[in-house]
Amino acid sequence: MYVRMSKRVYENNVLDMFSLLRDNRAVMAEFKSFFPLQVSRVHEVCGAGATAFATMACGQADMRVLWLQTSWQIEQLNPAGLAAFMSPKNLVLVEVENHNDLLACTEDGLRSGAVDLVISVATQKLDLTAGRRLQLAAEQGGSTGILIIPEGAGSNATQTRWHCSPIFKGNHISDKNLTLQHWQLIKNKIGTLSGWKVYWDAKAHRVIVVSEDGQ
Numbered sequence: 004m005y006v007r008m009s010k011r012v013y014e015n016n017v018l019d020m021f022s023l024l025r026d027n028r029a030v031m032a033e034f035k036s037f038f039p040l041q042v043s044r045v046h047e048v049c050g051a052g053a054t055a056f057a058t059m060a061c062g063q064a065d066m067r068v069l070w071l072q073t074s075w076q077i078e079q080l081n082p083a084g085l086a087a088f089m090s091p092k093n094l095v096l097v098e099v100e101n102h103n104d105l106l107a108c109t110e111d112g113l114r115s116g117a118v119d120l121v122i123s124v125a126t127q128k129l130d131l132t133a134g135r136r137l138q139l140a141a142e143q144g145g146s147t148g149i150l151i152i153p154e155g156a157g158s159n160a161t162q163t164r165w166h167c168s169p170i171f172k173g174n175h176i177s178d179k180n181l182t183l184q185h186w187q188l189i190k191n192k193i194g195t196l197s198g199w200k201v202y203w204d205a206k207a208h209r210v211i212v213v214s215e216d217g218q
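Just so you know, the sequence shown maps onto residues 4 to 218 in the numbering used here.
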């Protein structure tokens, strides 16, 4: 198909295209300053997309992961479900009896340095003391921690806190098998707050940031 347009329209279209590319690069550069997450720190995530956030964090590199949760939780993790993000052989899944055991095992895992990432599914609010202990353990062990928390249950000691949710309405990405996610950085100890629309590219093995219209 041949489309005829004036020189002015053509120039405006080209300028719009380059402006969009420049904006997308700026958004991606901003995102990369926060994700992958800062190492040797503990981060928190809440919302319906919290587990997806944690699994994408696992897939950013060939990480050894310790995943902790209480045995009585209804939703249990199936390691095979992480195959699109990471090799299940790199995952150690541990179930504990209660919240105190969860915090103790999280602290031990972070301090040991035996794994790259410790993910804990918390069901209760974390106090400042517990948050500080976990931060200290992460610094000593050189590991990164992610706490999946109920909304409003975080600790002031956390490095960053994210609110994550899937986007179903207006999901315009071309691959309909992918779910667009809205990630909001709602607490940050050392910088600004922001938000992005993202999805996981299994072939590229990384998080892709998309423009506001989901393209």
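Cβ atoms here follow ideal geometry from the backbone N, Cα and C, with glycine treated the same way.
Bear in mind that the values here come from a model prediction, so they are computed numbers and not experimental data.
Problem set entry | Buried versus exposed call for V42 [16 or more other C-beta atoms within 10 Å across all chains shown] | Exposed is the call here.
Problem set entry | Whole-Å CB distance - A160 paired with A125, under 8 angstroms assumed | Between the beta-carbon of A160 and that of A125 there is about 13 angstroms, and that puts the pair past the 8 angstroms contact cut.
Exercise. For R209, which beta-bridge partners are listed by DSSP?
Worked result: Bridge partners of R209: D204.
For this session: Go through the stretch 24 to 78 residue by residue and report every complete run of the alpha helix (DSSP H) that reaches 4 residues or more, in order.
Result: Taking only runs of at least 4 residues, the alpha helix (DSSP H) segments lying wholly in the stretch 24 to 78 are 53 to 62.
Exercise. Are the stretch 78 to 94 and the stretch 143 to 151 in contact at 8 angstroms, needing three or more beta carbon pairs?
Worked result: Under the 8 angstroms Cβ criterion, the stretch 78 to 94 does not count as touching the stretch 143 to 151, having fewer than three qualifying pairs.
For this session: Grab me the residues of Q127's own chain with a C-beta within less than 7 angstroms of its C-beta, minus the 5 sequence neighbours each way, in chain order.
Result: Once the five neighbours on either side are set aside, the close Cβ partners of Q127 are H102, A156.
For this session: Quick one: using the 10 Å Cβ neighbour count with 16 as the cut-off for buried, is I193 buried or exposed?
Result: So I193 counts as exposed.
Exercise. Quick one: what does DSSP say E142 is sitting in, helix, strand or coil?
Worked result: Collapsing the DSSP output to three states places E142 in a helix.
For this session: Return the first residue and the last residue of the alpha helix (DSSP H) that L113 is part of.
Result: From DSSP, the alpha helix (DSSP H) with L113 extends over 102 to 115.
Exercise. Should the stretch 102 to 112 be called in touch with the stretch 82 to 90, which here means at least 3 C-beta pairs below 8 angstroms?
Worked result: Three or more beta-carbon pairs separated by less than 8 angstroms are not found between the stretch 102 to 112 and the stretch 82 to 90, which leaves the two stretches without contact.
For this session: Report buried or exposed for K200, applying the criterion of at least 16 other Cβ atoms within 10 angstroms of its Cβ.
Result: Result: buried.
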